[in-house]
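Below: the structure, in C-alpha cells.
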Amino acid sequence: MLYLRNIIAAVLAIVAGTAYASDYGAYYDDLPFNAPAVSAPSIPDLTVRLADFGGVADGITLNTEAIERAIAHLSAQGGGHLVLDEGVWLSGPITMKSNIDLHVTHNAILLFTTDKSRYAILDPDEGTATSMRQPPIYAHHISNFSITGSGVIDGNGEAWRPVKRFKVSDAEWKKMQRLGLTEYTEGKSTVYYPTMGNPTDKIETKRARLIRIVCCENFMVKDVVIQNSPSFHLNVVLSSRFVIDGVMVRCPWNAQNGDGIDLSSCTDALIVNTSVDAGDDALCLKSGIGDAGRRRGPCENIVIDNCTVFHGHGGFVIGSDNAGGMRNIMVRRCRFIDTDTGLRFKSGRDRGGLMCGVFVRDVVMCDIAGEAILFDSYYEEKVGDGENVKPEPVTADTPVFRGFFISGLVCRDAGRAVVMKGLPEMHIADVSITDCTFVARQGMVINNADDIELKNVRLQLAEGPVLKEHNASVKQINVSEIR
8 MLYLRNIIAA VLAIVAGTAY ASDYGAYYDD LPFNAPAVSA PSIPDLTVRL
58 ADFGGVADGI TLNTEAIERA IAHLSAQGGG HLVLDEGVWL SGPITMKSNI
108 DLHVTHNAIL LFTTDKSRYA ILDPDEGTAT SMRQPPIYAH HISNFSITGS
158 GVIDGNGEAW RPVKRFKVSD AEWKKMQRLG LTEYTEGKST VYYPTMGNPT
208 DKIETKRARL IRIVCCENFM VKDVVIQNSP SFHLNVVLSS RFVIDGVMVR
258 CPWNAQNGDG IDLSSCTDAL IVNTSVDAGD DALCLKSGIG DAGRRRGPCE
308 NIVIDNCTVF HGHGGFVIGS DNAGGMRNIM VRRCRFIDTD TGLRFKSGRD
358 RGGLMCGVFV RDVVMCDIAG EAILFDSYYE EKVGDGENVK PEPVTADTPV
408 FRGFFISGLV CRDAGRAVVM KGLPEMHIAD VSITDCTFVA RQGMVINNAD
458 DIELKNVRLQ LAEGPVLKEH NASVKQINVS EIR
C-alpha cells in the first residue's frame with residue numbers, strides 16, 4: 008500500500024508540475040499591482056524531425072536549408088514542433104514563424120556558423136535606428152511560438168566579439184595573436200578584433216544578438232541553454248504576453264556587450280526559474296532613447312521570480328535607455344552572486360523617462376564588487392557621487408526615479424550598501440528600503456533625493472559612516488550598525 012501511495016504521489020507531482028508549467032497564474036499572487044497572467048502558447052500536435060528534411064547532426068554539414076524546409080512544411084500544416092535530436096547541428100540564421108516550436112533536445116547543440124557572409128545586413132526593424140546583422144534566431148511580427156528543450160543554442164560568439172587586452176590573461180592574448188587576427192588601439196585600450204578586415208568598419212564589425220524577438224506576442228522560451236552570443240543573448244523588443252522559464256544563459260565574463268536577457272518596451276512578461284552568467288548586464292529592462300523611445304512606450308507588467316545571476320555588470324538592471332519609461336515591475340526571490348552591482352537603476356540626462364512602481368522583494372546577494380543598490384542619474388558621466396553637479400534645465404529626456412520599494416534584501420560582502428545619485432534638477436524620490444541587511448565595506452550615500460525611507464535596515468561595515476547625505480530628505484526608522 009505504501010508503494011502504491013508513493014507511485015500515486017509521484018504521478019500527481021508530475022501532473023502538478025506539468026500543469027504549473029503551462030499555467031503560470033501562481034506567479035501573479037500577491038502582486039502590488041494589477042497585471043494579466045501570461046500562459047504558455049498552444050502549439051499544434053504535429054511533430055517532425057530535422058533529420059527527415061535532410062539535416063545532419065555531424066557538426067560539419069550546414070543545416071540552414073534543412074531547417075528552412077522543415078519550418079516551411081510545419082507552417083503549411085498550421086504549425087507544430089521541429090525536433091533537433093542528439094548531435095551537433097551547424098546552421099546559419101533561422102527565421103521563426105507563427106505556431107512553430109523549435110525544440111532542441113537534451114544532448115543536442117544548435118551551433119551557428121562563423122561564416123559571416125551567411126548573416127545579411129538587414130534594414131532597421133522597430134527595435135533599432137540603424138541597420139543590423141541578421142540574428143541567428145529571429146522572430147518578427149509573429150505569434151504563438153516557442154523555443155524549447157534542454158539542449159544548447161550556441162552563437163559562436165568568440166568569432167565576433169572584440170576583446171580588450173586588460174580583460175584576458177597573457178596566455179589568452181598570445182593565443183589570439185597566433186590566430187593571425189586583428190589587433191588595434193581603441194582609446195587607451197589594446198583590442199583584439201576577430202576579423203581579417205578593417206576593425207573600424209562599422210558594417211564589418213556589426214554583431215548580431217543571438218535570439219532577437221521583435222513585435223511578437225504569446226510565445227515562450229523554455230529550458231534551453233543559450234550561450235556564447237556575438238552580443239546580447241536573448242533580446243525581446245516591443246513584444247507582449249510571453250514567458251521565459253528555466254533558461255540558462257552563459258558566456259565568458261569578459262564578453263563585450265554580453266548581456267544576458269534584455270527586454271525593451273515589453274508588456275506582460277514573466278521570467279522565472281532562469282540563471283544568467285553574463286559578460287554585461289544580466290536581467291535588464293530598457294525602453295529606448297528620445298522621441299523614438301517615448302513612442303515605443305514603457306516596460307510594463309514585468310514579473311521576475313526565482314532567478315539566479317552568477318556574474319554580470321548588474322544582477323537586475325533598469326536602463327540606461329529609459330525614454331519610454333518603466334512601471335509595474337516586480338523582482339522577487341532571486342539570487343545575485345559575484346556581480347559588479349546587485350540592483351542597478353541607471354539613466355542619464357540624454358535618455359531618461361519616468362520609472363515608477365518598481366518592487367524588489369526577498370533578493371539575496373553575495374560578493375558584489377560595487378553597490379548592492381545603485382540609483383545613477385549620470386550614466387557615463389564622471390561626476391563621482393554627484394554632490395557638486397550644477398543643475399540643468401528639465402527636459403523630456405530627464406530621468407525620473409519615483410516609487411521604488413525594496414524589502415527583505417540580504418547582501419553579504421558588497422563594496423557599498425546603497426548609493427543614490429540624483430540630479431539637482433530632478434531628485435530621486437519616494438524610495439523605501441525596508442527589512443534589509445547589508446555587510447559591506449562602506450555604508451549608504453544618498454545625494455539629491457527626497458522622501459527616502461530607511462526602515463529596519465542593519466549594516467555591518469568595514470569603514471566609514473552608516474549614511475552620508477547631501478541635499479536629501481531621509482527618514483530613518485530603526486537603522487542600526489552591527490559591530
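Our numbering puts the sequence shown at residues 8 to 490.
Backbone N, C-alpha and C fix where the C-beta goes; we use that ideal spot for every residue, glycine too.
Only a predicted model underlies this, so the values are computations on that prediction, with no experimental measurement involved.
- TRP96 is bridged by DSSP to LEU117.
- Per DSSP, the beta-bridge partners of SER153 are ASP108 and MET227.
- Taking C-beta separations shorter than 7 Å and ignoring five residues to either side along the sequence, the partners of ARG340 in its chain run ASP312, ASN313 and ASP369, following chain order.
- In this structure, DSSP gives ASP298 a helical state, which the three-state scheme calls helix.
- Taken through DSSP and simplified to helix, strand or coil, TYR386 comes out as coil.
- Around the beta-carbon of GLY61, fewer than 16 other beta-carbon atoms lie within 10 Å, marking it exposed.
- Scanning its chain for C-beta atoms nearer than 8 Å, with the 5 sequence neighbours on each side dropped, one finds around SER82 the residues LYS104, SER105, ASN106 and ILE107, in chain order.
- Counting other Cβ atoms within 10 Å of its Cβ, HIS113 stays below 16 and is therefore classed as exposed.
- DSSP, reduced to helix, strand and coil, places ILE50 outside both helices and strands of the structure shown, so it counts as coil.
- For PHE226, the closest C-alpha among the options THR348, LYS174, SER246 and ILE453 is that of SER246.
- By a beta-carbon distance limit of 8 Å, ASP437 does not contact GLY415. Their separation comes to about 19 Å.
- Look at ARG356 here: in three-state DSSP terms it is coil, with no helix or strand label.
- Contact between the segment 264-276 and the segment 227-246 is present: three or more C-beta pairs spanning the two stretches fall below 8 Å.
- A buried status is given to SER153, since no fewer than 16 other beta-carbon atoms sit within 10 Å of its beta-carbon.
- Cβ-Cβ separation between ILE116 and TRP96: approximately 7 Å, consistent with a contact (criterion under 8 Å).
- Sequence-distant Cβ neighbours of THR192 in its own chain, meaning closer than 8 Å and more than five residues away, are VAL198.
- For GLY326, the CB contacts under 6 Å within the same chain, skipping 5 residues up- and downstream, are LYS353 and SER354 in chain order.
- Between the beta-carbon of ASP252 and that of VAL283 there is about 14 Å, and that puts the pair past the 8 Å contact cut.
- Taken in chain order, the whole beta strand (DSSP E) runs of length 3 or more contained in the segment 311-380 are 315-325, 333-339, 342-344, 346-353 and 361-368.
- By the neighbour-count definition (other C-beta atoms within 10 Å, threshold 16), VAL401 is an exposed residue.
- Residue range 218-221 is occupied by the beta strand (DSSP E) that includes ARG219, with no alpha helix (DSSP H) assigned at that position.
- For LEU57, there is no enclosing beta strand (DSSP E), as DSSP marks it with neither H nor E.
- Your pair ARG334 and PRO305 checks out as a contact, with CB atoms roughly 5 Å apart and the cut at 8 Å.
- In this structure, DSSP gives ASP177 a helical state, which the three-state scheme calls helix.
- Of the candidates HIS318, LEU277, VAL254 and VAL232, HIS318 places its Cα closest to the Cα of ALA262.
- When DSSP reads this structure, GLU488 sits in a beta bridge with LEU466.
- In terms of Cα proximity to THR102, the closest of ASP92, THR121 and ALA73 is ALA73.
- In this structure, the alpha-carbon of LYS482 lies about 21 Å from that of VAL417.
- The shortest CA-to-CA distance from ASP287 to any of LYS174, VAL232 and PHE445 is the one to LYS174.
- With a 10 Å radius around the Cβ and a threshold of 16 neighbouring Cβ atoms, GLU378 comes out buried.
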